[in-house]
Amino acid sequence: MRVSLASLAVVALGLATQVASIDPLVVKGSKWFNKKTGAQFFVKGVDYQPDITSTSQIRDPLADSSICTRDLPFLKDLGVNAIR
């Protein structure tokens, strides 16, 4: 699968915008806290791994921006804040 430079640039720009709007975390002991609010931060993650298509080729969902765009609303509805 080929990924165009333009699609990578769009994804990178989107991620940079999101990262700029995330509050920093601090570690106290074995727990994480939001630096601005002091609220404890809980990781709510998913294992978003490559899968095998009907042609037995490994496909990385993060390399295909259309798949990421399709799945992001579902991850947001689940409250996911970490992707492995």
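In the working numbering, the protein residues as written are 4 to 87.
Beta carbons: idealized from backbone N, C-alpha and C, even for Gly.
Residue i: first and last residue of the uninterrupted beta strand (DSSP E) it sits in
| i | result |
| --- | --- |
| leucine 28 | 28-31 |
| lysine 34 | 34-37 |
Residues sharing a beta bridge with residue i, DSSP
| i | result |
| --- | --- |
| glutamine 52 | According to DSSP, glutamine 52 bridges with nothing at all. |
| alanine 85 | Gly48 |
Nearest neighbour of residue i, chosen from the options [CA to CA]
| i | options | result |
| --- | --- | --- |
| tyrosine 51 | Cys71, Leu28, Ser24 | Cys71 |
| glycine 82 | Phe45, Asn37, Lys31 | Phe45 |
| glycine 32 | Gln43, Lys39, Asp26, Asp67 | Gln43 |
Buried or exposed (CB count within 10 angstroms, at least 16 for buried), residue i
| i | result |
| --- | --- |
| methionine 4 | At methionine 4, the pLDDT of 47 sits below 50, so the modelled position is not reliable; the number obtained from the coordinates is stated separately. Methionine 4 should be labelled exposed. |
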